[in-house]
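**Student:**
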Amino acid sequence: GQNIDQPTEMTATEGAIVQINCTYQTSGFNGLFWYQQHAGEAPTFLSYNVLDGLEEKGRFSSFLSRSKGYSYLLLKELQMKDSASYLCVFQTGANNLFFGTGTRLTVIP
Amino acid sequence: GAVVSQHPSWVICKSGTSVKIECRSLDFQATTMFWYRQFPKQSLMLMATSNEGSKATYEQGVEKDKFLINHASLTLSTLTVTSAHPEDSSFYICSAKGLAGDNEQFFGPGTRLTVL
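Protein sequences, first through last, are from chains A and B. Reading the first sequence from the start, the letters are residues 270 to 378 in the numbering used here. Reading the second sequence from the start, the letters are residues 26 to 141 in the numbering used here.
1. For a cutoff of 7 Å on Cβ pairs, would you count residue 392 of chain A as touching chain B?
2. So within the region 283–331 of chain A, which uninterrupted beta strand (DSSP E) runs reach at least 3 residues, ignoring any that extend past its ends?
3. With DSSP collapsed to three states, give me the class of residue 346 of chain A.
4. Against chain A, does residue 69 of chain B count as a neighbour if the rule is that its beta carbon must be under 7 Å from one of theirs?
5. Output needed for residue 101 of chain B: all residues of its chain with C-beta closer than 6 Å, excluding positions within five of it in sequence on either side, in chain order.
6. Among A:350, A:313 and A:322, which residue has its Cα nearest to the Cα of residue 131 of chain B?
7. Closer than 7 Å, CB to CB, is residue 369 of chain A near chain B or not?
8. Going by CA-CA distance only, name the one from B:36, B:106 and B:31 that's closest to residue 311 of chain A.
9. For the beta strand (DSSP E) that residue 104 of chain B lies in, which residues bound it at each end?
10. Identify the residues that DSSP records as bridge partners of residue 122 of chain B: which are they?
11. Can you look up residue 113 of chain B in the DSSP assignment and give me helix, strand or coil?
12. Between residue 379 of chain A and residue 316 of chain A, how many whole angstroms is the CB-CB distance? I'm expecting something under 8 Å.
13. Of the residues A:289, A:272 and A:273, which one's Cα is nearest the Cα of residue 351 of chain A?
14. Cβ closer than 7 Å: which chain A residues qualify as neighbours of residue 130 of chain B?
15. So with CB distances below 8 Å, who are the chain B contacts of residue 300 of chain A?
16. Residue 133 of chain B CB to nearest chain A CB: under 7 Å?
17. Classify residue 35 of chain B as buried or exposed, calling it buried when 16 or more other Cβ atoms lie within 10 Å of its own Cβ.
18. Taking the alpha-carbon positions, what's the residue 329 of chain A to residue 355 of chain A distance?
19. On a Cα-Cα basis, can you pick out the residue from A:295, A:318 and A:296 that is closest to residue 304 of chain A?
20. Provide the residue(s) that pair with residue 136 of chain B in DSSP beta bridges, ordered along the chain.
21. Using beta-carbon positions only, say whether residue 281 of chain A and residue 343 of chain A come within less than 7 Å of one another.
Here it is in structure tokens:
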């Protein structure tokens, strides 16, 4: 079957670094995405990993280990506006995205 | 980046009526569009995949006669919720995929449907 596990909630301090972990199980894998979703809004794309390793994009970095079915999203220099849900999503086959339930991150002053 | 719009952004309707939601890719041609539904505090669930000019492919458990999808052009897909009921109240989000081989999907802003 297909499954994604990520923490339900996390809290971190403004200016700090936070790592959101994700483990997944799927028979077919074609890449892993991280999306940010603010309440009541559609998801916005953050990162995409298809090969093992670290992808860095500004304050955001994402890591993938396909053999372990593991990914993490690293957010640096946290800002209040980073308070949102972070969705771990894998792609199976050519088109289908499978979404996790997301990690609700709260950034506190 | 590519922009996808949805209309309306929110709608309130009476039980038993039909509601049409439009999804448009504004600056690119979308060969494939996807319709998702998200209930409060739950993940997005794929409802159906539509390719321009062909019938939509529905996910298991999604009634194709209730959720009518039309992908009439490379920039427009519509989802019609027929005979809506309160349990259909949800956040409906479309996404679009452009060129073949491009894995990124671009999401619309979503439509919040409330059925009274």
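Beta carbons are placed, not taken as given, at the ideal position from N, Cα and C, and that holds for glycine.
**Tutor:** Walking through what the data contain:
1. Here chain A has residues from 270 to 378 only, and residue 392 of chain A is not among them.
2. Unbroken beta strand (DSSP E) stretches of 3 residues or longer found wholly inside the region 283–331 of chain A: 287–294, 301–306, 313–318 and 322–326, given in chain order.
3. Taken through DSSP and simplified to helix, strand or coil, residue 346 of chain A comes out as coil.
4. Contact with chain A is found for residue 69 of chain B, since one of that chain's Cβ atoms lies less than 7 Å from the residue's Cβ.
5. Cβ contact annotation for residue 101 of chain B (same chain, cutoff 6 Å, sequence separation greater than five): 49, in chain order.
6. In terms of CA proximity to residue 131 of chain B, A:313 leads the group A:350, A:313 and A:322.
7. Residue-level contact check: residue 369 of chain A touches chain B, since one or more beta carbons of chain B fall below 7 Å from its beta carbon.
8. Minimum Cα-Cα distance from residue 311 of chain A among the listed residues B:36, B:106 and B:31 corresponds to B:31.
9. Element bounds for residue 104 of chain B: 101–106.
10. Residue pairing by DSSP puts residue 122 of chain B in a beta bridge opposite B:57.
11. Helix at residue 113 of chain B.
12. Beyond the ends of chain A as shown, which are 270 and 378, falls residue 379 of chain A; an answer cannot be given.
13. Ranked by Cα distance from residue 351 of chain A, the options A:289, A:272 and A:273 are led by A:289.
14. Near residue 130 of chain B (Cβ distances below 7 Å), the residues of chain A are 366.
15. Per Cβ cutoff of 8 Å: 128.
16. Answer yes: the Cβ-Cβ gap between residue 133 of chain B and chain A drops below 7 Å somewhere.
17. Per the 10 Å Cβ criterion, exposed.
18. Distance between the alpha carbons of residue 329 of chain A and residue 355 of chain A is about 12 Å.
19. Nearest option by C-alpha distance: A:318.
20. Beta-bridge partners assigned by DSSP to residue 136 of chain B: B:117.
21. Taking the C-beta atoms as reference points, residue 343 of chain A is found no nearer than 7 Å to residue 281 of chain A.
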